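Asker: Each residue of the sequence shown is one higher than the one before, starting from 1 at the first, in full-length UniProt numbering. Idealized CB from N, CA, C, for every residue including glycine. Only a predicted model underlies this, so the values are computations on that prediction, with no experimental measurement involved.
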Amino acid sequence: LREVCDHRNTDAEVLAHAAQLIDRYLHVGNTDKRDYQLVGATCFLLAKRLVQYTDFSVTKEDILAKEIVIAVTLQWDLTCITPIDFIHPITSFFTCESGLRQLIRQSAKQIFMKILHVEGVNLFRPSYTAAACILYAVRLTVAPDADGFASGVRSQMERLLGLESAELQDAFFFITTLFKRGTVELSDEVLRVDQGPPIGSSESSKQSPP
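And the structure:
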């Protein structure tokens, strides 16, 4: 999905929305691993009607049928609030130069786009994930001695979004562990999990029961 979005310059909101639909559906729907691509394509279609990007491995009829299954399973509640929805309005309140504000905003979106697939991110509410991504973006873009800017941003987000300080700290710490220190490069552990077990291993050959 990320490759499709990058190729078509699709808005980050579309990918975030599709990823949340996938996650919600897989939590309540019994899905065979062989259907994962179909579920992904269908949820992406629901978020942005791009039927042609399925590697020709599923048909239009397959997608239309699965679309109904997903919609019924989710009781037709297809609206999603994602971390992306919080980043732009929250950063608009920051009292800093507009260029820095835009840099923080774009960096926070980039950070979230890199980790939205990582197991555990969805355990935090979208507002906390957004705030944590913004804090990490501030850490990467603002000098450490910038007159308490980071602590001011944190206090401001806690007040505006009604965030609990301890929970925000948990979300921020978790997100920092997903990257190599001081960068937006995913950690070796995240990359290892992304690659999956070696081909031919017992784990890679397992399939979900029908």
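(1) Check whether the Cβ atoms of I175 and A132 sit closer than 7 Å, and answer yes or no.
(2) Where do the ends of the alpha helix (DSSP H) carrying V28 lie?
(3) Who pairs with L78 in a beta bridge, going by DSSP?
(4) Taking all protein chains shown into account, decide if H88 is buried (16 or more other Cβ within 10 angstroms of its Cβ) or exposed.
(5) Residues in its own chain within less than 7 Å of L168 by CB, not counting five upstream and five downstream?
(6) With respect to the alpha helix (DSSP H) encompassing T91, which residues constitute its N-terminal and C-terminal limits?
(7) What would DSSP say about L186, mapped onto helix, strand or coil?
(8) Mind reading off the beta-carbon distance from P126 to D85? Whole number of angstroms is fine, and I expect it under 8 Å.
(9) Which term fits F124, buried or exposed, when burial requires 16 or more other beta carbons within 10 angstroms of its beta carbon?
(10) Contact between the segment 67 to 82 and the segment 98 to 107: three or more CB pairs below 8 Å?
(11) Whose CA, out of V72, G148, K109, lies closest to the CA of C96?
(12) Inspect the beta-carbon positions of T42 and I68 and report whether they are closer than 7 Å.
Answerer: In short, the structure shows the following:
(1) Mapped onto the sequence shown, residue 175 falls at position 175. Mapped onto the sequence shown, residue 132 falls at position 132. Yes. Within cutoff.
(2) As a working note, residue 28 is residue 28 in the sequence shown. Under the DSSP assignment, V28 falls in the alpha helix (DSSP H) whose first and last residues are 12 to 28.
(3) In the sequence shown, residue 78 corresponds to position 78, counting from 1. According to DSSP, which records beta bridges pairwise, L78 is partnered with nothing at all.
(4) Mapped onto the sequence shown, residue 88 falls at position 88. Label assigned to H88: exposed.
(5) Taking the sequence shown and counting its residues from 1, the one referred to as residue 168 is at position 168. For L168, where only same-chain residues beyond five positions count, the Cβ hits under 7 Å are Y128, A131, A132, E158.
(6) Counted from its first residue, the sequence shown places residue 91 at position 91. 83 to 91 is the extent of the alpha helix (DSSP H) around T91.
(7) The sequence position of residue 186 within the sequence shown is 186, counting from 1. The answer is strand: DSSP assigns L186 an E or B state.
(8) Taking the first residue of the sequence shown as position 1, residue 126 is located at position 126. Taking the first residue of the sequence shown as position 1, residue 85 is located at position 85. About 7 Å separates the two Cβ atoms, so the contact holds.
(9) Residue mapping note: residue 124 aligns to position 124 of the sequence shown, counting from 1. It is buried - the Cβ of F124 has at least 16 other Cβ atoms within 10 Å.
(10) Contact between the segment 67 to 82 and the segment 98 to 107 is absent: fewer than 3 CB-CB pairs across the two stretches fall below 8 Å.
(11) Translated into positions along the sequence shown, residue 96 becomes position 96. Taking only the C-alpha atoms, the option nearest C96 is G148.
(12) Here the question's residue 42 lines up with position 42 in the sequence shown. Here the question's residue 68 lines up with position 68 in the sequence shown. Judged by their CB atoms, T42 and I68 are not nearer to each other than the 7 Å cut-off.
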